[in-house]
Amino acid sequence: MSAQERRPEEDGRDFADAMWSIPSYLLAGMIIYGGIGWLLDRWLDMSAFFPIGTVLGLVLAGYLAYRKFSR
Amino acid sequence: MSVLAEVSGNVTAIGYGLAAIGPGIGVGIIFGQGVQAIARQPEAYGLIRQNMLLGFVLTEALALIGLVAPFLFANL
Amino acid sequence: MITLTAPAHGDEFSAPTPNELFDLAPIIPGVEWFTKPVLLAVLSAVIVIGLTWAAFSKPKLVPRGVQNVVEYGYMFVRDQVARPFLGKDADRFMGLLLTLFFLVLVWNLMGVVPIAQFPVASHIAFPAVLALSIYVLKIYLGFKHQGVGGYFKNMMFPPGLPKPIYLLLSPIEFLSNMIIAPFTHAVRLFANMFAGHMLLAFFSMVGFWFLFEKLTPLGAPVGVIGVVMTIIFTGFEIFIQFLQAFLFAMLASMYIGGSLHAEH
Numbered sequence: 325m326s327a328q329e330r331r332p333e334e335d336g337r338d339f340a341d342a343m344w345s346i347p348s349y350l351l352a353g354m355i356i357y358g359g360i361g362w363l364l365d366r367w368l369d370m371s372a373f374f375p376i377g378t379v380l381g382l383v384l385a386g387y388l389a390y391r392k393f394s395r
Numbered sequence: 024m025s026v027l028a029e030v031s032g033n034v035t036a037i038g039y040g041l042a043a044i045g046p047g048i049g050v051g052i053i054f055g056q057g058v059q060a061i062a063r064q065p066e067a068y069g070l071i072r073q074n075m076l077l078g079f080v081l082t083e084a085l086a087l088i089g090l091v092a093p094f095l096f097a098n099l
Numbered sequence: 082m083i084t085l086t087a088p089a090h091g092d093e094f095s096a097p098t099p100n101e102l103f104d105l106a107p108i109i110p111g112v113e114w115f116t117k118p119v120l121l122a123v124l125s126a127v128i129v130i131g132l133t134w135a136a137f138s139k140p141k142l143v144p145r146g147v148q149n150v151v152e153y154g155y156m157f158v159r160d161q162v163a164r165p166f167l168g169k170d171a172d173r174f175m176g177l178l179l180t181l182f183f184l185v186l187v188w189n190l191m192g193v194v195p196i197a198q199f200p201v202a203s204h205i206a207f208p209a210v211l212a213l214s215i216y217v218l219k220i221y222l223g224f225k226h227q228g229v230g231g232y233f234k235n236m237m238f239p240p241g242l243p244k245p246i247y248l249l250l251s252p253i254e255f256l257s258n259m260i261i262a263p264f265t266h267a268v269r270l271f272a273n274m275f276a277g278h279m280l281l282a283f284f285s286m287v288g289f290w291f292l293f294e295k296l297t298p299l300g301a302p303v304g305v306i307g308v309v310m311t312i313i314f315t316g317f318e319i320f321i322q323f324l325q326a327f328l329f330a331m332l333a334s335m336y337i338g339g340s341l342h343a344e345h
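Here you go:
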């Protein structure tokens, strides 16, 4: 939208910022929701929540990264 | 039949190695083509950047799924 | 050659294991902590201090000799590392970033210097300490410039998302910024140096084994391939070592920049 007014250095900085943050976001989402799923599995003696939580965490973290860095 | 070759150690490590090939190629293609697109049309920077991010997020997610797949399928 | 001489393996070729490559005996018997990486780390620090001292103790307006080279490095760090991420605060942090860059670069280059041939950063303790100090500095600067509450608020609640979603996304932000980021900061440098050293050791071992230890007509071509690959990968390693030093300094400057200015 405002790509015209922004200086190229700022664009480069934001882009580098996004590229370095995205892997840690995805990893964090996977760890948190996968971890919750794993705990639920242990508690309820099931094996379904760990994969669901992992994928859900990845999706949420991807959504967060996409919304945060693409303007 | 006699055994000709065998793999010792943890097989899941090999599994992750194989699973990382695809995302590696994918990330390379995304950034290669993305940089090329920006070089061709610098005025479309915002749009190209947005799509590069989306592609990168999805590809990186695949690589990370490969990382947990050994745990998922451990008891199958 | 000290690290790469083949230990007794019996008759068959076997690849070097991490234990024989990285678990080194103390240099002076009895002094447990004083191993080769420690010696090289101290030596690198002395080299960096000496180099910058020689370059900038009596600076001349028209740079010559050492000053020319180190000034080139300074310009590189300022233009590629500090200014893009810190903007007008770049000069305040140049001392830190230049030290980081040169120290990590010399640490890494120790991996290809003959006789030394051990990248210091391939023991995780060394990059971990650097990353930890940057982490403490990041949090301190964040508290100082944005306030304790403001720092966490800016970090965990990025603007422009629907309200109920914050409940799901704030934990991800927190974990990624406070734990994963410093962890990957250290591990990226460590893993690159570790893998590079393993690779070089493996190929030179192939060359050494098939050309010197067990020279057979069938094995000689394999040994030649090993030697050629060692040469190619040494060049590649020098590039990786430079790149990792640059990335380490760049990420440090990125974290500092993120603490100085609240995001958007």
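Residue numbers (my numbering), protein chains in the order written: chain A, 325 to 395; chain B, 24 to 99; chain C, 82 to 345.
Heads up, the beta-carbon is just placed ideally off N, CA and C, and yes, glycines get one too.
Assigned secondary structure, residue i (DSSP; H/G/I helix, E/B strand, else coil)
i, result
"asparagine 33/B", "coil"
"serine 348/A", "helix"
"glycine 339/C", "helix"
"methionine 343/A", "helix"
"arginine 145/C", "coil"
"threonine 297/C", "coil"
"phenylalanine 317/C", "helix"
"serine 394/A", "coil"
"phenylalanine 373/A", "helix"
"serine 25/B", "coil"
"glycine 386/A", "helix"
"alanine 126/C", "helix"
"lysine 139/C", "coil"
"phenylalanine 323/C", "helix"
"tryptophan 114/C", "coil"
"proline 107/C", "coil"
"isoleucine 204/C", "At residue 204/C the sequence reads histidine, which differs from the isoleucine that was named. The answer is coil: DSSP assigns histidine 204/C none of H, G, I, E or B."
"phenylalanine 199/C", "coil"
"valine 193/C", "coil"
"glycine 381/A", "helix"
Test: residue i CB closer than 7 Å to a CB of chain F
i, result
"leucine 382/A", "As a matter of chain content, chain F is missing from the structure shown, whose protein chains are A, B and C."
Boundaries of the alpha helix (DSSP H) in which residue i is found, first to last residue
i, result
"glutamate 101/C", "99-103"
"glutamine 59/B", "44-63"
"methionine 237/C", "229-237"
"alanine 86/B", "68-95"
"arginine 173/C", "171-190"
"phenylalanine 94/C", "Counting along the chain, phenylalanine 94/C falls outside any alpha helix (DSSP H), and DSSP gives it neither H nor E."
"lysine 244/C", "Where lysine 244/C is concerned, there is no enclosing alpha helix (DSSP H), given that its DSSP letter is neither H nor E."
"methionine 279/C", "262-289"
"arginine 164/C", "164-167"
CB-CB length for residue i against residue j, believed under 8 Å
i, j, result
"proline 97/C", "methionine 286/C", "5 Å"
"histidine 226/C", "serine 340/C", "7 Å"
"proline 263/C", "leucine 218/C", "Rounded, the Cβ-Cβ distance is 11 Å, inconsistent with contact."
"leucine 350/A", "leucine 87/B", "5 Å"
"leucine 105/C", "threonine 116/C", "5 Å"
"isoleucine 376/A", "glycine 361/A", "6 Å"
"tyrosine 155/C", "leucine 179/C", "6 Å"
"glycine 393/A", "leucine 76/B", "The sequence given here has phenylalanine at residue 393/A, not glycine. Confirmed, Cβ separation roughly 6 Å."
"leucine 181/C", "valine 129/C", "That belief does not hold up - the Cβ atoms of leucine 181/C and valine 129/C are roughly 10 Å apart, past 8 Å."
"leucine 280/C", "phenylalanine 314/C", "6 Å"
"leucine 121/C", "phenylalanine 199/C", "6 Å"
"isoleucine 261/C", "leucine 388/A", "Not quite, the Cβ-Cβ distance comes to about 14 Å (not below 8 Å), so this is no contact."
"methionine 331/C", "valine 162/C", "5 Å"
Partner residues on chain A for residue i, Cβ-Cβ distance less than 9 Å
i, result
"phenylalanine 166/C", "Arg337, Ala340, Asp341"
"threonine 265/C", "Trp344, Pro347, Ser348, Leu351"
Chain C residues whose Cβ lies nearer than 8 Å to that of residue i
i, result
"tryptophan 344/A", "Leu332, Met335"
Partner residues on chain B for residue i, Cβ-Cβ distance less than 8 Å
i, result
"glycine 358/A", "Val91"
Neighbour list for residue i in chain C, Cβ cutoff strictly below 7 Å
i, result
"glycine 377/A", "Ordered by position in chain C, no residue passes the 7 Å Cβ test against glycine 377/A, which lies about 12 Å from the chain."
"alanine 372/A", "The contacting residues do not exist; alanine 372/A stays about 20 Å from chain C at best."
Partners in chain A for residue i, counting only beta-carbon separations shorter than 7 Å
i, result
"glycine 87/B", "It is leucine, not glycine, that sits at residue 87/B in the sequence shown. Per Cβ cutoff of 7 Å: Leu350, Leu351, Met354, Leu382."
"alanine 84/B", "Leu350, Leu382, Gly386"
"threonine 180/C", "Going along chain A, no residue has its Cβ under 7 Å from threonine 180/C, so there is no contact; the nearest lies around 21 Å."
Cross-chain neighbours of residue i in chain C, by beta carbon under 9 Å
i, result
"leucine 364/A", "Correct list: empty, because the minimum Cβ distance to chain C is about 16 Å."
8 Å Cβ cut-off: residues of chain A touching residue i
i, result
"glutamine 73/B", "Ser394"
"leucine 95/B", "Phe374, Pro375, Thr378"
Contact test: residue i Cβ vs the ligand SAH heavy atom, cutoff 6 Å
i, result
"glycine 316/C", "Summarising the ligand content, the structure contains no ligands, and the ligand SAH is consequently not present."
Under 7 Å by beta carbon: chain B residues contacting residue i
i, result
"glycine 361/A", "Ordered by position in chain B, no residue passes the 7 Å Cβ test against glycine 361/A, which lies about 11 Å from the chain."
Positions along the segment 39-60 of chain B whose CB lies within less than 7 Å of some CB in chain A: none
Chain A contacts from the segment 250-262 of chain C (Cβ-Cβ distance under 9 Å): Leu250, Pro252, Ile253, Glu254, Phe255, Leu256, Ser257, Asn258, Ile260, Ile261, Ala262
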